[in-house]
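These notes are about the structure you will find just below.
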Amino acid sequence: MSLKLSKRSSEIEGHVERKPKESKGDKVVAGVSHTMLALWSLMVLVPLGWTLLSSFKQTKEIFASPFSLPETWQFQNYINAWNSAGIGTYFFNTVIVVASALIIVMVLGSMCAYVLARYVFPGYRAVYYLMLAGLTFPIFLAIVPLFFILKNIGLLNTLPGLIIVYVSFALPFTVFFLFSFFKALPGEIAEAAQIDGAGEWRTFFQVMLPMAKPGLASVAIFNFLGLWNQYLIPVAINTKRENYVLSQGIASVAGQMGYAVDFGQLFAAAIIVVVPVLIVYVIFQRQLQGSVSAGTMK
Amino acid sequence: MKPGGDLPVAARRRRKKLTFDKVSFMAVFLGLPLVIYLVFVISPFVQAVYYSMTSWSGFDANMPFIGFDNYVKLFNDDIFMISVRNSITLAIFLPVITVILALVLATLVTIGGSSRGQIKGLKGAGFYRIVSFFPYVIPAVVIGIIWAQIYDPSSGLLNGLLNAVGLDGPANGMLGDSRTAMIASMVVIVWGFVGFYMILFIAAIKGIPAETFEAARIDGAGRFRTAITITIPLIRDNIQTAYVYMGILALDAFVYMSVLNSTGGPANSTLVMSQKLFTTAFSKGQFGLACAMGVVLAVMTLIFSALVFLVNRLTGGSKDVSN
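Read top to bottom, the protein sequences are chains A and B. The first sequence begins at 311 in the working numbering and counts up one residue at a time. The second sequence begins at 275 in the working numbering and counts up one residue at a time.
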């Protein structure tokens, strides 16, 4: 770029411009901004592009040169990762666990948030602080007792055990987010519904819940990502190989291969794990970015 | 969110009559989530504090109470202290680096546009936003695996790039050298989170009324001055939130550190408390000791949050800058 820093003096010659023209200073700033942002974008995209490219290569090609295109596109890597590395099984486990946990936590979370937002009852404050504690304390503090609680009720190393723990730890975030959402909904509508003869249950499921759809969508997306990406909870309380979820599955693929590594297969597994979140991200990126701001400006 | 407070009068009046509808509603809507939450979240927190004062090995009913012995043991354990130091290092550097980088990028996107007419964002801002946010949605494990491969000395992208420009990368890779392993790990975590905070700050900056920027411009403030004296003070609360979140994450850092260097790195240079806790509990079976580590970690998290709030308060964060 041949831009130079200079005072903007040249174009002020007494005439009124309809459209604000870009001054030289603006161009410099824009140029610098674009350069820096483009550099950052490269920082983000190059590793991902390299992973995608490598997932189609044979291990010896990856060693030979990081940038070359694959000689022949090794779709076999994906088949191997899916079948022999077990990623297929882990994928189905993850879908079952995340889908169940997501549905349950959304139902329970919205019910709890609704009650907190619309009613006073004894112990209201205590519930609020308990939820806050769940958001503040690290999971690491809970992980050892959690292991034994699940062991005692016979749910250790089972998918239902994992589901219920996922639900519990996603609950405080869900409740906090939806609380502000239900608080903002007009209470008159609930009252109108009750005057028309709807009971508490019907008011919630037929009147209030449908109105909260945008809030539910944002929370559901965040919970989906959080649960899909969860790693610590499954490695601690779900250690049977056939029950592995994707995150621990791919970590074990990476770890267990040790020195005789099939890198192409590892990269293919990584891509398989990323694709679902990528799809969700692309479809919902507007809501996601919108709710980042909504969630933090309480 | 304020507990109690401003509830509709109608809600209070309705409290009086207890019908079946009402009772079943409260029991299911409030009772069910709360029971699950108490059993699986709150009770483990409480139990952990008790276990931390026992020398329990987990697999027998025998749970000898030993008071604060575990804590004394921890503070005399050199390797644990190394992990504490590493965690503190992360908690100091990660939030600063991430927040500053995110702020710079957010500022470039929002006020990098034309200085004439309306305040405009940069052209193509949408593209930068989408790309930058993407790492946030990638599972942390995958981020760790990808970067471990990038740093790999024999086939990694980094050494490939260095070789391409005629330089030699570190022989054991960045992660295999005790001088660079920590920095290399931090780069990975920063890479994963800058985009998220950038989006958060962009949203906050867009929430500032345009008149404020216009007034500053009419008064002759340039872009840099506007960013320092208008933008940053006005989004201070968001910066504080970001700082606390990032600090809590840095004190955990389990996924990244254990995937990048599963054994704590060369000379324990990347061993963090959460990793030490995990192996103490699930490999060595010293559950009481592991719980004590959990308590130390929780206390450090609370101290960190309190410090951030305190510093923000002391430096005038509660003042309303817009007046």
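Quick reminder that beta carbons are idealized off the backbone N, C-alpha and C, glycines included. None of these values were measured; they are calculated from a predicted model.
Closer than 8 Å to the CB of lysine 558 of chain B there is not a single CB belonging to chain A.
Taking 9 Å as the Cβ-Cβ cut-off, the segment 526-551 of chain B approaches chain A at Asp526, Phe528, Val529, Ser532, Val533, Ser536, Met547, Ser548 and Leu551, given in chain order.
Rounded to the nearest angstrom, the gap between the Cα atoms of glutamine 423 of chain B and leucine 431 of chain B is 7 Å. Interface criterion met: the Cβ of asparagine 539 of chain A is under 8 Å from a Cβ in chain B.
Annotated three-state conformation of phenylalanine 303 of chain B is helix, per DSSP. Rounded to the nearest whole angstrom, the CA to CA distance from tyrosine 554 of chain A to isoleucine 582 of chain A is 15 Å. In terms of Cα proximity to valine 475 of chain A, the closest of A:Val545, A:Glu498, A:Tyr388 and A:Lys523 is A:Val545. If you compare the alpha carbons of B:Leu375, B:Phe578, B:Trp465 and B:Ser452 with that of valine 416 of chain B, the shortest gap goes to B:Trp465. Between the alpha carbons of leucine 368 of chain B and glycine 335 of chain A lies a distance of about 34 Å. By the Cβ rule, the segment 482-489 of chain A counts as touching the segment 408-428 of chain A, because three or more pairs are nearer than 8 Å. Close partners of isoleucine 397 of chain A in chain B (Cβ separation under 8 Å) are lacking, with about 12 Å as the shortest Cβ gap.
Residue-level contact by beta carbon holds for lysine 296 of chain B and chain A, with a gap shorter than 8 Å.
Burial is judged here by how many other beta carbons sit within 10 angstroms of a residue's own beta carbon; tryptophan 383 of chain A has fewer than 16 and is exposed. Beta-bridge annotation (DSSP): threonine 328 of chain B is paired with B:Phe339. Annotated three-state conformation of threonine 537 of chain B is coil, per DSSP.
Counted as a single uninterrupted DSSP element, the stretch harbouring proline 413 of chain B is not any alpha helix (DSSP H), since DSSP gives it neither H nor E. Here the alpha carbon of leucine 358 of chain A sits roughly 31 Å from the alpha carbon of leucine 469 of chain A.
Minimum Cα-Cα distance from leucine 576 of chain A among the listed residues A:Ile543, A:Lys337, A:Ala391 and A:Ala374 corresponds to A:Ala391. Under a criterion of Cβ atoms nearer than 8 Å, no residue of chain B is adjacent to glycine 464 of chain A; the nearest Cβ is some 14 Å distant. Judged by DSSP secondary structure, leucine 588 of chain B falls within the alpha helix (DSSP H) whose first and last residues are 561-588.
Any Cβ of chain A closer than 8 Å to the Cβ of leucine 379 of chain B would place that residue at the interface, and such an atom is present. Here glycine 559 of chain B is exposed, its C-beta having fewer than 16 other C-beta atoms within 10 Å.
Of the other Cβ atoms in all chains shown, fewer than 16 fall within 10 Å of the Cβ of lysine 550 of chain A; this residue is therefore exposed. Distance from the CA of serine 317 of chain B to the CA of serine 532 of chain B, rounded to the nearest whole angstrom, comes to 27 Å. Taking a Cβ-Cβ cut-off of 8 Å, the neighbours of tyrosine 424 of chain A in chain B comprise Phe303, given in sequence order.
Counting only the Cα atoms, leucine 451 of chain A lies some 26 Å from asparagine 403 of chain A. Selection A:Ala508, A:Tyr591, A:Thr361 and A:Ala409 evaluated against aspartate 295 of chain B yields A:Ala508 as nearest (Cα-Cα).
By the criterion of a C-beta distance shorter than 8 Å, phenylalanine 303 of chain B is surrounded by no residue of its chain, once the five residues flanking it on both sides are discounted. In this structure, B:Val462 is the residue among B:Ser361, B:Pro307, B:Val462 and B:Ala365 with its C-alpha nearest to the C-alpha of proline 409 of chain B.
When rounded, the separation of the alpha-carbon atoms in glutamine 321 of chain B and arginine 491 of chain B is 58 Å. Between leucine 418 of chain A and proline 427 of chain B the beta-carbon gap is near 49 Å, outside 8 Å, which marks them as no contact. Against chain A, the CB of alanine 458 of chain B has no partner CB under 8 Å away; the residue lies outside that interface.
By the rule that beta-carbons nearer than 8 Å mark a contact, glycine 443 of chain B does not touch chain A. In the three-state DSSP reduction, tyrosine 425 of chain B falls in the coil class, being neither helix nor strand.
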